[in-house]
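S.K.: Let me give you the structure first, and then I'll get to my questions.
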């Protein structure tokens, strides 16, 4: 098993070190200047000739530069993200040149509080200046320059690593062509700061802390272990802890009625604390958690939107449903801010019980997302007919039908062709409920549009990202308010109006964010529907409306005539109305003869 | 302001002490025996002649016997639950005789690790035996006997106090007529145990802990403060912390780029930690959190249901939406287990941002719930026509209408009278979507039924409890699976079938939990509906179905004929079918002429 893992890895790798001593030193956000900074880093894969395939990985609180592979043949374990970085993996070292460095303030080779203070010849200890995430990124910028990289295909990171990636995207937009922000946030909230503060208090209250000058002594082992134990709880979810430990006792005989280590979860936490102490420096813990506390991507700007308007690269945000440290809600705030700022942002919220740790554990879905995203950034204009996976997906694996549309061949939906005809080339198009992006794919190919999708389903959203389509996994009925007025030329709502709880509210929102709106819906005014209702006194079941009254997903029953009155009352102009039956467009008596209607709408007032 | 508070309080009260030394001592769950136990307690109000108005309040981790009023004229603050216990308050000392005692293992007068060990003449320290919640309750049982109380109207508690109340209900069913379980759980989960373990580690890692023998010295002040700081985070919610502190800096000038106390939330937590150390004993913290860890109401029984089948009294469970320490989900598990065990259990989930602390802060709603519940336990057979608030509520304040029913006078709904006629006297009846309990109220008065309600809305559920009606705040589409087969004689679903997402699934569930089911629904086969659809090709708007297609809450459109076919296909027997129009019952051509149908159903197979 382990040999197999070893074979699939990047193999033996070396941590390298580089010292930067720019004229005037490296100025930090807090006002201090570091004359020289040493950076520990590793690289995997090969830089291509055009030097545009570099991916920078940023590590989280307890990580280091050693992402993948083995530093020596004796190593039992590979780097911390070996399941993601390697040949054929999510970040494919056969395609990309991957770089990772230990952060500023770290304890794994980059200058930090345990490094020698040139002014004294002793370790810095608490004389080390407080650093911010921007400071960490500033040092990484030096490394990127040193490696001769003019641009980064993407900066990828989870948790604190995601904060660095977001900082890269905002502060170095000319370098950062893509950013993958996983299980992270744009700002540390009060709860986060509070947990960090308790951890720091535990370290500093330890008598062995010695004011931070504990180098050469055992150091604040108990305090650091307590900090880690507490933090570790925040990395898991309640569900995963109950699954993993429940209330199982350490001794098979059951309770010993003792104050210490009765339950397996206690033993586990104690072990986690001890293991951490053996590999981590307490001062680095203080400085790094403080950097997290200070993190606020809106700082120095009137708003988050204003700050994130600096971003030029494409962004992928990924959260996990059970992550309560950096919650999906925080990710959504960041996503919609990026969208409002005009950015090209995709978002997926992955169902997982693993809590915050999911970013290291949900490898399969994350790999699909990241590899698809990196491809999309590298080949933004790839043609659907020539590219690899995405299009074969759309040709060969048509996805399950939209409710109400069973008449049409899913692979050649008539209404899709009609919609494509309605859209002006080169427009910005938002498709609501875009599924895996079939329609958007056609629009990109035939109309060269800038395509955006909103999709509620996780798997469909992941498929969009895999296909290089920009998608936000969101609920059109709740989240659309996050988008600004008139940000799209067309908003498409295909066969979905009748399943929404509040179609009126939804349509108003669509015509707020889009200049025009293309809506299609099933016509319940069709003669077969009317006849059944009138003569049989039963809710109608027809080939085009195949549902029973009790299993229909259609919350609302409307006719073409209803829709006309509705639009008139709301002051919406119907610019085009195309009525369709199984045989094609219907021009005479559409309200009686059409199965479906497709309307191009604009704000009438 | 403070004088005003003082006037509304129970005034000056005294903590009293009593020593119990039963023959053979008090045996503890862990096997140890305490020869003597001193209990500190307070009482408020007057025991009535029939000695049946006693309410026992159980305190949480950091509480004590001093619930209400002032121990001396100099006291600046009243007891810990003064806003709930007092004249005219939620637990009304004009009506009830209220008792509270400090828990076993405590540090506020009841025997605990700081008490003198009679074997040594020194404080127990860690020689004090580990205690459980059952042990705490066992000692309270001695106090209750000492006070000459043969029964308790109710045992009320939040958090650890709720665990004690549940234990009372299960272990002393002959004494405990009612239990109010607030923000609590039936079992400590792995996350709870983990947080407790970190707190204990912090205390025991403090060099001043001295193996627990720190009495007469400052003691583990730093360790206890760290434990309290961390625990305090779990008492708040992320939202409330952001509202209260956000990222505000302690210094108005902004960041000082320091490791310590930059943010207000840090200062606040530090203050909370210090304040706690001044009033609490670290050993008691160890023992009490361990008692919480051990708490599992199912212990010694094959299942929670089996354990809770011992409960005879009525139970009210209250949770808070933002409480993540003891989540609403944990409360629901307890509620449905009690229901399955045949118990009389009500449940409300109060919308609050305060997190776990809400149990001390959401005074208004809690007061309504607790006072209504206590009244209901004290006067279970009170007649609707003679009792105070509940009926006037139902007579004078008819609640907002059920969707689809606008034709009928809300105060004299024709279908209610019909339903009452269908129900056999003395049955067990479950009303789904019972609103504030109008129909159940009628059924109790006219048919002497045992009434149970399920209601999704918080305010309506609270009103039910205020009216003495047993209600579970739950979603019929998700939570009904928690109820056992055939647990009711009738299940009523009045004008709700058509708004459910899955009527088929719901109806099957109703006929699983009830022997018979009474269902009413609007008839979309009415002639006015058919005519509009057929000739105008528009979704119908009629006096009885006044909604537009886009704003209707009715997800499903069905006719009486549809429903007959539906029941036939599902093997459901329609024992009675009553069709109604605005003028009363319709016997001829009901599918064309009736606005509404009411059916008595039973399982046909």
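Chains as they are written, first to last, in our numbering: chain C, 744 to 1348; chain R, 744 to 1348. Yeah, the Cβ is synthetic: ideal placement off N, Cα and C, and Gly gets one too.
(1) At 8 Å on the CB atoms, spell out the chain R contacts of residue 933 of chain C, in chain order.
(2) Looking at residue 992 of chain C and residue 1005 of chain C, is the spacing between their C-beta atoms short of 8 Å?
(3) Name the residue from R:916, R:772, R:1047, R:1317 whose alpha carbon lies nearest to the alpha carbon of residue 872 of chain R.
(4) Check the Cβ of residue 1213 of chain C against every Cβ in chain R and list those closer than 7 Å, keeping chain order.
(5) Where does residue 954 of chain R sit, in a helix, a strand or coil, going by DSSP?
(6) May I ask you to report which of helix, strand or coil DSSP gives residue 1110 of chain C?
(7) Going straight from the alpha carbon of residue 1212 of chain R to that of residue 1258 of chain C, what length do you get?
(8) Report the three-state DSSP secondary structure of residue 783 of chain R (helix, strand or coil).
(9) Under the rule that 16 or more other beta-carbon atoms within 10 Å means buried, what is residue 837 of chain C, buried or exposed?
(10) Determine whether the beta carbon atoms of residue 755 of chain R and residue 902 of chain R lie at a separation below 8 Å.
(11) May I ask you to list the residues that DSSP assigns as paired with residue 1320 of chain C?
(12) May I ask you to verify whether the stretch 892-900 of chain R touches the stretch 908-924 of chain R, counting CB pairs closer than 8 Å and requiring at least 3?
(13) Tell whether a beta-carbon distance below 8 Å holds between residue 1026 of chain C and residue 774 of chain C.
(14) Note the first and the last residue of the continuous alpha helix (DSSP H) segment covering residue 969 of chain C.
(15) Run through chain C and tell me which residues come within less than 8 Å of residue 1103 of chain R, C-beta to C-beta.
(16) For residue 1328 of chain R, which of helix, strand or coil comes out of DSSP?
(17) Where does residue 1166 of chain C sit, in a helix, a strand or coil, going by DSSP?
(18) Does any C-beta atom of chain C lie closer than 8 Å to the C-beta of residue 910 of chain R?
(19) Starting from residue 797 of chain C, trace the beta strand (DSSP E) in both directions and tell me its first and last residue.
(20) With distance defined between alpha-carbon atoms, name the residue in R:1171, R:1186, R:1268, R:1181 nearest to residue 1164 of chain R.
(21) Let me confirm a value: residue 784 of chain C is counted as buried when at least 16 other C-beta atoms fall within 10 Å, else exposed. Which label applies?
(22) Excluding the 5 residues preceding and the 5 following residue 946 of chain C in the sequence, name in chain order all residues of the same chain whose CB lies nearer than 7 Å to its CB.
(23) Starting from residue 1037 of chain C, trace the alpha helix (DSSP H) in both directions and tell me its first and last residue.
(24) Against chain R, does residue 944 of chain C count as a neighbour if the rule is that its beta carbon must be under 8 Å from one of theirs?
(25) Determine contact between the stretch 929-939 of chain C and the stretch 984-1004 of chain R, defined as no fewer than three beta-carbon pairs at a distance below 8 Å.
(26) Okay, do the stretch 872-892 of chain C and the stretch 1054-1063 of chain C touch, 3+ Cβ pairs below 8 Å being the bar?
(27) At the 8 Å Cβ level, is residue 1095 of chain R part of the contact set with chain C, yes or no?
(28) So which residues on chain C does residue 1247 of chain R lean against when the C-beta distance must stay under 7 Å?
(29) Please confirm if residue 972 of chain C has its CB atom under 8 Å from at least one CB of chain R.
(30) Whose Cβ in chain C lies nearer than 8 Å to the Cβ of residue 950 of chain R?
(31) Do the stretch 813-820 of chain R and the stretch 920-930 of chain R touch if we need at least three Cβ pairs shorter than 8 Å?
(32) Give the secondary structure of residue 1117 of chain C by DSSP, where H, G and I count as helix, E and B as strand, and everything else as coil.
(33) Out of curiosity, what's the CA-to-CA distance linking residue 1166 of chain C and residue 1261 of chain C?
(34) At what residues does the beta strand (DSSP E) containing residue 1088 of chain C begin and finish?
(35) Is residue 1044 of chain R closer than 8 Å to residue 1226 of chain R when the C-beta atoms are compared?
(36) On the criterion of 16 or more Cβ atoms from any shown chain inside 10 Å, does residue 759 of chain R qualify as buried, or is it exposed?
M.R.: On the basis of the coordinates in this document:
(1) Mapped onto the first chain, residue 933 of chain C falls at position 190. Residues of chain R passing the Cβ test: 981, 984, 985, 987, 988, 989, 990, 1006, 1008.
(2) Residue mapping note: residue 1005 of chain C aligns to position 262 of the first chain, counting from 1. Residue mapping note: residue 992 of chain C aligns to position 249 of the first chain, counting from 1. Contact check for residue 1005 of chain C against residue 992 of chain C passes: the beta carbons are separated by less than 8 Å.
(3) Sequence index remark: in the second chain, residue 872 of chain R carries index 129 (1-based). For residue 872 of chain R, the nearest C-alpha among the options comes from R:772.
(4) Within the first chain, the letter at position 470 stands for residue 1213 of chain C. Residue 1213 of chain C does not reach chain R, its nearest Cβ partner there being about 29 Å away, counting only Cβ pairs nearer than 7 Å.
(5) On the second chain, residue 954 of chain R is found 211 positions in, with the first residue counted as 1. In this structure, residue 954 of chain R counts as helix in the three-state DSSP scheme.
(6) The count along the first chain starts at 1 and reaches residue 1110 of chain C at position 367. If DSSP states are grouped into helix, strand and coil, residue 1110 of chain C belongs with the helices.
(7) For the purposes of this step, residue 1212 of chain R is identified with residue 469 of the second chain, where counting begins at 1. For the purposes of this step, residue 1258 of chain C is identified with residue 515 of the first chain, where counting begins at 1. About 53 Å.
(8) Mapped onto the second chain, residue 783 of chain R falls at position 40. Residue 783 of chain R falls in the strand class under three-state DSSP.
(9) For the purposes of this step, residue 837 of chain C is identified with residue 94 of the first chain, where counting begins at 1. Residue environment: residue 837 of chain C is assigned as exposed (fewer than 16 neighbouring CB atoms within 10 Å of its CB, all protein chains considered).
(10) The sequence position of residue 755 of chain R within the second chain is 12, counting from 1. The sequence position of residue 902 of chain R within the second chain is 159, counting from 1. Between residue 755 of chain R and residue 902 of chain R, the C-beta spacing is not below 8 Å.
(11) Position 577 of the first chain, counted from the start, is the residue given in the question as residue 1320 of chain C. For residue 1320 of chain C, the beta-bridge partners assigned by DSSP are C:1342.
(12) By the C-beta criterion, the stretch 892-900 of chain R is judged to be in contact with the stretch 908-924 of chain R, since at least 3 inter-stretch pairs fall below 8 Å.
(13) Counting from one through the first chain, the residue named residue 1026 of chain C turns up at place 283. Counting from one through the first chain, the residue named residue 774 of chain C turns up at place 31. Their beta carbons are not under 8 Å apart, which means residue 1026 of chain C does not touch residue 774 of chain C by this criterion.
(14) Locating residue 969 of chain C in the first chain gives position 226, counting from the first residue. Run containing residue 969 of chain C: 964-978, per the alpha helix (DSSP H) assignment.
(15) Here residue 1103 of chain R corresponds to residue number 360 of the second chain, with the count starting at 1. Simply none; closest approach about 19 Å.
(16) Mapped onto the second chain, residue 1328 of chain R falls at position 585. Strand at residue 1328 of chain R.
(17) Translated into the one-based positions of the first chain, residue 1166 of chain C becomes position 423. In the displayed model, residue 1166 of chain C falls within coil according to three-state DSSP, outside both helix and strand.
(18) Sequence index remark: in the second chain, residue 910 of chain R carries index 167 (1-based). Not closer than 8 Å to any Cβ of chain C, the Cβ of residue 910 of chain R fails to qualify, so no.
(19) Within the first chain, the letter at position 54 stands for residue 797 of chain C. Unbroken beta strand (DSSP E) run through residue 797 of chain C: 797-801.
(20) Along the second chain, read from residue 1 onward, the residue named residue 1164 of chain R stands at position 421. A check of alpha carbon separations from residue 1164 of chain R across R:1171, R:1186, R:1268, R:1181 identifies R:1186 as the nearest.
(21) In the first chain, counting from the first residue as 1, residue 784 of chain C sits at position 41. Label assigned to residue 784 of chain C: buried.
(22) Position 203 of the first chain, counting from 1, holds the residue named residue 946 of chain C. These residues qualify, in order along the chain: 952, 963, 966, 967, 970, 1025, 1028, 1029.
(23) For this step, residue 1037 of chain C is matched to residue 294 along the first chain. 1025-1037 is the extent of the alpha helix (DSSP H) around residue 1037 of chain C.
(24) Residue 944 of chain C sits at position 201 when you count from the first residue of the first chain. By this cut-off, residue 944 of chain C is an interface position.
(25) Yes, since at least three Cβ pairs between the stretch 929-939 of chain C and the stretch 984-1004 of chain R fall closer than 8 Å, the two stretches touch.
(26) The stretch 872-892 of chain C, when compared against the stretch 1054-1063 of chain C, does not touch it at the 8 Å Cβ threshold.
(27) Looking up residue 1095 of chain R in the second chain gives position 352. Residue 1095 of chain R does not count as touching chain C.
(28) Locating residue 1247 of chain R in the second chain gives position 504, where the first residue counts as 1. Annotation: Cβ neighbours of residue 1247 of chain R in chain C (cutoff 7 Å, chain order): 1293, 1294.
(29) The sequence position of residue 972 of chain C within the first chain is 229, counting from 1. It does; some Cβ of chain R falls within 8 Å.
(30) For the purposes of this step, residue 950 of chain R is identified with residue 207 of the second chain, where counting begins at 1. Listed along chain C are 950, each with a C-beta nearer than 8 Å to that of residue 950 of chain R.
(31) No, they do not touch.
(32) Numbered from 1 along the first chain, position 374 holds the residue referred to as residue 1117 of chain C. Correct three-state label for residue 1117 of chain C: helix.
(33) If you number the first chain from 1, residue 1166 of chain C lands on position 423. If you number the first chain from 1, residue 1261 of chain C lands on position 518. Just so you know, the alpha carbons of residue 1166 of chain C and residue 1261 of chain C end up roughly 9 Å apart.
(34) Your numbering for residue 1088 of chain C matches position 345 in the first chain. Counting along the chain, the beta strand (DSSP E) containing residue 1088 of chain C begins and ends at 1087-1093.
(35) Position 483 of the second chain, counted from the start, is the residue given in the question as residue 1226 of chain R. Position 301 of the second chain, counted from the start, is the residue given in the question as residue 1044 of chain R. Pairing residue 1226 of chain R with residue 1044 of chain R gives a Cβ-Cβ distance that is not under 8 Å.
(36) The residue labelled residue 759 of chain R in the question sits at position 16 within the second chain. Counting Cβ neighbours within 10 Å, residue 759 of chain R comes out exposed, since fewer than 16 surround it.
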